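S.K.: Following this note's numbering, the residues of the sequence shown are numbered contiguously, the last one being 541. All residues carry an ideal CB built from backbone N, CA and C; glycine is no exception. This structure is a prediction, so every number in the text was calculated from the model and none was measured. I have a structure here, written as structure tokens, and I will follow up with some questions on it.
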Amino acid sequence: MELQEVLFTFIGGLGIFLFSIKYMGDGLQKAAGDRLRDLLDRFTTNPFMGVLAGMLTTILLQTSTGATVLTIGLVNAGFMTLRQAIGVIMGANIGTTATAFIIGLDMQAISLPIMALGAFMLFFFRIKQVNNYGQVFFGFGGLFYGLGLIGDGLSPLTEMQAFADLTVSMGENPLLGIIAGIILSVVFQSSTAAIGLVQQLFNQGAFDLAVALPVLFGDNIGTTVTAVIAAIGASVAARRAALTHVMFNLIGVTLVMLVFPIFRNVIEFLAVQLNLNPPMQIAVAHGLYNTANVIIQFPFIAVLALIVTKLVPGEELALDYKPKHLDTRFIGNSPAIALGQAKQEVLHMAGYSQKALEQAIRYMRSGDKKDAEVALQYEQAINNLDKEITDYLVKVSSRSLSQHDSDLHSTLLSAVRDIERIGDHMENIVELKDYQKANKVHISDVAINDLNEMFELTSSTLQEAIHALEEGDLDKAHDVLEKEEQIDKMERKLRKQHIARVNEGECSGAAGIIFVDIISNLERIGDHSVNIAEAVIDEDH
């Protein structure tokens, strides 16, 4: 084969292989639907369940990096604690070995028929789930087809003296192999792709086991880079989770290198006993290494959490996105107590809406991205509580309720809807500030002072509405109605003043749009505060 043909075959095969892994993972993710997030959410109650959830999620995503980034996202949103996340990250390291075992099956001979089956399912069916599985089959076949091309492209390497000298150096100094593995993972942004390449090099005889294993260990360290990038600028807890991922892999590689001759002998023994082909030998080594690493480090999850807490200082946002008061046992036995529980949860949710608004106001003033992230964390918690409380209240409504309880039920359902909408308006304000920053729109000091005045009035109105709901305080509820009239008047006045400033050239047109949209969102928050207050007044009548 000519050099150009070798190069094109290798690059083309690598491209098909990378695309196929991604395409197959996307298909599996679509087939699973939202169940992946639910899986991580519900089955991470303890570290052991977290390991199992991490394994399954990684197998479905076909990437440990994807599973780890998803976990960091959940930690960043306050949906998962650091200790739960460590379990998931450990499980992800075991789950990622599944692809290496799939590659070891050596199904290149039937790769094209598998791709044809996938294409048939994609183009000749209109059922979405069939299309999703078609994507999985097409990606699965493409994975083996791409590997075959990679193998053809790599085969001339075995005859090159420079490459032979490099492998000798790596064999004599395993640290070089580890560095090579890290570089491969970072370049491909996928440890799976890097390990697939190692399997093909080993299969072609370009590497012996003493070289392949250190490269394999380096791949495991390199895969942490994407998770670290995902955690940049994220919450304290998310940065700690990313650091845990790095530490877990560094400790694992350090431990295995201390017993490297023994580990290599074990793999050689298993290869002979189980009659393993070269790619499967790498897969077994990968699986054995990651499983042993999890078993060794699992008892020290609390220690890992303590170390990263010391290394990444700062306070985590104590945000319970899960309901604290809803107990389904009360629905059947005592609907009145169930409604009392629901009210406590609605107040919990309302408190988040108040804090979210305050955080959005802080972001408008500071422009600090961390303020925006905290505000959006509250918004995610509000959305989740909205779903949980509404489902709970729907179940309560199926019971026989007194007139008083029925009125309270209506008040709570109405309040939940309004609080969720307040969260949406708060999110709109954050997005408007994002737009202002991204487009470098200048808002005049006069306009900023006007916004601050309306912020304060809107925030105090919402606070009084929440107090009225909590205490059933009619005086506070009527105060809210009066304050909302002030908000409406202020909104009209500020709108006119700002239009005048734009006409006089004191503010730009873009600044005018942002300003008007912010005060409009604040006015809508005032309206929802009134809805909460009116529900309290109606309940009393």
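(1) Return the first residue and the last residue of the alpha helix (DSSP H) that Ala-433 is part of.
(2) Considering only C-alpha positions, which residue in the set Leu-60, Ala-415 and Lys-324 is nearest to Ala-350?
(3) Within 10 angstroms of the Cβ of Ser-191, are there 16 or more other Cβ atoms? Answer buried if so, exposed if not.
(4) By the three-class DSSP mapping on this structure, what secondary structure does Gly-12 have?
(5) Starting from Glu-453, trace the alpha helix (DSSP H) both ways and give me its first and last residue.
(6) When you compare only the Cα positions, how much space is there between Arg-329 and Leu-122?
(7) Three Cβ pairs or more, each shorter than 8 Å: is that satisfied between the stretch 246-257 and the stretch 280-296?
(8) Exposed or buried, Gly-279, counting other C-beta atoms within 10 Å across all chains shown (16 or more means buried)?
(9) With a threshold of 7 Å on Cβ separation, who are the neighbours of His-286 within its own chain once the five nearest residues in sequence on each side are excluded?
(10) Take every Cβ of the stretch 117-133, pair it with every Cβ of the stretch 263-281, and state whether three or more of those distances are shorter than 8 Å.
(11) Does DSSP classify Ala-336 as helix, strand or coil?
(12) Between the beta-carbon of Glu-345 and the beta-carbon of Pro-313, is there less than 9 Å?
(13) Ordered along the chain, which non-local residues of its own chain (more than five positions away) have a Cβ less than 7 Å from that of Glu-379?
(14) Work out the CA separation of Ile-532 and Asp-473 for me, nearest whole Å.
(15) Measure the C-alpha to C-alpha separation of Ile-546 and Val-198 and round it to an integer number of angstroms.
(16) What span of residues does the alpha helix (DSSP H) with Met-90 cover, start to end?
(17) Mark Asp-445 as exposed unless 16 or more other C-beta atoms lie within 10 angstroms of its C-beta, in which case mark it buried.
(18) State yes or no: is the C-beta of Gly-218 within less than 9 Å of the C-beta of Ile-267?
(19) Specify, as a first and last residue, the run of the alpha helix (DSSP H) that Asn-503 falls within.
(20) Is it a yes or a no for the stretch 359-367 touching the stretch 380-392, going by three-plus beta-carbon pairs under 8 Å?
(21) Using DSSP with H/G/I as helix, E/B as strand and the rest coil, what is Arg-362?
(22) Are Gly-148 and Gly-13 closer than 9 Å when you measure CB to CB?
(23) Beta carbon of Leu-209, beta carbon of Arg-264: below 9 Å?
(24) Return the first residue and the last residue of the alpha helix (DSSP H) that Ser-191 is part of.
(25) Pull up the distance between the alpha-carbon of Met-55 and that of Phe-298, whole angstroms please.
(26) Measuring CB to CB, does Pro-47 end up less than 9 Å from Gly-87?
(27) Of the residues Gly-91, Val-441, Leu-7 and Gly-509, which one's Cα is nearest the Cα of Ile-59?
(28) So is Ser-398 buried or exposed if we call it buried at 16+ other beta carbons inside 10 Å?
(29) Just to confirm before moving on: does the CB-CB distance between Ile-221 and Val-246 stay below 9 Å?
(30) Looking only at C-alpha atoms, which of Ile-102, Lys-433, Glu-5 and Ile-103 sits nearest to Ala-372?
(31) Just reading off the alpha helix (DSSP H) that Phe-125 is part of, what are its end residues?
(32) In the DSSP assignment, find the unbroken alpha helix (DSSP H) run with Lys-370 in it and report its ends.
(33) Indicate whether Gly-153 and Tyr-23 have their beta-carbon atoms separated by less than 9 Å.
(34) Out of Leu-184, Glu-504 and Gln-463, point me to the one whose CA is closest to Ile-525's CA.
(35) Cα-Cα, which of Tyr-133, Val-130 and Gly-141 is closest to Ser-111?
M.R.: By the coordinates alone:
(1) As a first step, residue 433 must be located in the sequence shown, where it is residue number 433. Here the sequence assigns Lys to residue 433, which means Ala is not the residue at that position. From DSSP, the alpha helix (DSSP H) with Lys-433 extends over 403-438.
(2) Taking the sequence shown and counting its residues from 1, the one referred to as residue 350 is at position 350. Ranking the options by Cα distance to Ala-350, first place goes to Ala-415.
(3) By one-based count along the sequence shown, residue 191 stands at place 191. Looking at its Cβ environment, which holds 16 or more other Cβ atoms inside 10 Å, Ser-191 is buried.
(4) In the sequence shown, the residue the question calls residue 12 occupies position 12. Residue state, collapsed to three classes: helix.
(5) To locate residue 453, count along the sequence shown from 1; it is residue 453. Counting along the chain, the alpha helix (DSSP H) containing Glu-453 begins and ends at 445-471.
(6) Position 329 of the sequence shown, counting from 1, holds the residue named residue 329. Position 122 of the sequence shown, counting from 1, holds the residue named residue 122. Those two C-alpha atoms are separated by around 46 Å.
(7) Contact annotation: the stretch 246-257 touches the stretch 280-296, with at least three C-beta pairs closer than 8 Å.
(8) Sequence index remark: in the sequence shown, residue 279 carries index 279 (1-based). Before going on, a small fix: residue 279 reads as Pro here, not Gly. By the 16-neighbour rule on beta-carbons within 10 angstroms, Pro-279 is buried.
(9) As a first step, residue 286 must be located in the sequence shown, where it is residue number 286. Cβ within range, chain order: Thr-97, Ala-100, Ile-195 and Leu-216.
(10) Two segments are said to touch when three or more pairs of C-beta atoms, one from each, lie closer than 8 Å; by this definition the stretch 117-133 does not touch the stretch 263-281.
(11) Your numbering for residue 336 matches position 336 in the sequence shown. Collapsing the DSSP output to three states places Ala-336 in a helix.
(12) If you number the sequence shown from 1, residue 345 lands on position 345. If you number the sequence shown from 1, residue 313 lands on position 313. Cβ distance not < 9 Å, so Glu-345 and Pro-313 don't count as in contact.
(13) For this step, residue 379 is matched to residue 379 along the sequence shown. Sequence-distant partners of Glu-379 (beyond 5 residues in either direction) whose C-beta falls short of 7 Å from its own C-beta, in its chain, are Ala-356, Gly-423, Met-426 and Glu-427.
(14) Within the sequence shown, numbered from 1, the residue matching residue 473 stands at position 473. Within the sequence shown, numbered from 1, the residue matching residue 532 stands at position 532. Straight across, the Cα-Cα distance linking Asp-473 with Ile-532 is about 12 Å.
(15) An answer regarding residue 546 cannot be provided, because it is not within the stretch 1 to 541 covered by the chain.
(16) Reading the sequence shown from its first residue, position 90 is the one you call residue 90. Per DSSP, the unbroken alpha helix (DSSP H) holding Met-90 starts and ends at 82-95.
(17) Indexing the sequence shown from 1 puts residue 445 at position 445. With fewer than 16 other Cβ atoms within 10 Å, it is exposed.
(18) Mapped onto the sequence shown, residue 218 falls at position 218. Mapped onto the sequence shown, residue 267 falls at position 267. In this structure, Gly-218 sits away from Ile-267, with a CB-CB distance that is not shorter than 9 Å.
(19) Along the sequence shown, one-based indexing puts residue 503 at 503. Start and end: 474-503.
(20) By the Cβ rule, the stretch 359-367 does not count as touching the stretch 380-392, because fewer than three pairs are nearer than 8 Å.
(21) Along the sequence shown, one-based indexing puts residue 362 at 362. Note: Arg-362 maps to helix in three-state DSSP.
(22) Within the sequence shown, residue 148 is the residue found at index 148, counting from 1. Within the sequence shown, residue 13 is the residue found at index 13, counting from 1. Yes.
(23) The residue given as residue 209 occupies position 209 in the sequence shown. The residue given as residue 264 occupies position 264 in the sequence shown. Yes, Cβ-Cβ distance for Leu-209 and Arg-264 is below 9 Å.
(24) Against the sequence shown, residue 191 aligns to sequence position 191. Per DSSP, Ser-191 belongs to the alpha helix (DSSP H) from 191-203.
(25) What you label residue 55 is simply residue 55 of the sequence shown in a count that begins at 1. What you label residue 298 is simply residue 298 of the sequence shown in a count that begins at 1. Distance between the alpha carbons of Met-55 and Phe-298 is about 14 Å.
(26) Here residue 47 is taken as the residue at index 47 of the sequence shown, counted from 1. Here residue 87 is taken as the residue at index 87 of the sequence shown, counted from 1. Against a cut-off of 9 Å, the Cβ pair of Gly-87 and Pro-47 comes out as a contact.
(27) Counted from its first residue, the sequence shown places residue 59 at position 59. With distances taken between Cα atoms, Ile-59 lies closest to Gly-91.
(28) Here residue 398 refers to the residue found at position 398 of the sequence shown. Exposed, because fewer than 16 other Cβ atoms sit within 10 Å of the Cβ of Ser-398.
(29) Here the question's residue 221 lines up with position 221 in the sequence shown. Here the question's residue 246 lines up with position 246 in the sequence shown. Between Ile-221 and Val-246, the C-beta gap is smaller than 9 Å, which places the two residues in contact.
(30) As a position in the sequence shown, residue 372 is number 372, starting the count at 1. Out of Ile-102, Lys-433, Glu-5 and Ile-103, Lys-433 has the C-alpha closest to the C-alpha of Ala-372.
(31) Position 125 of the sequence shown, counted from the start, is the residue given in the question as residue 125. For Phe-125, there is no enclosing alpha helix (DSSP H), since its DSSP letter is neither H nor E.
(32) To locate residue 370, count along the sequence shown from 1; it is residue 370. Where Lys-370 is concerned, the enclosing alpha helix (DSSP H) stretches over 369-397.
(33) As a working mapping, residue 153 is identified with position 153 in the sequence shown. As a working mapping, residue 23 is identified with position 23 in the sequence shown. Cβ distance not < 9 Å, so Gly-153 and Tyr-23 don't count as in contact.
(34) Sequence index remark: in the sequence shown, residue 525 carries index 525 (1-based). Nearest option by C-alpha distance: Gln-463.
(35) In the sequence shown, the residue the question calls residue 111 occupies position 111. Check the Cα spacing between Ser-111 and each of Tyr-133, Val-130 and Gly-141: the tightest is with Gly-141.
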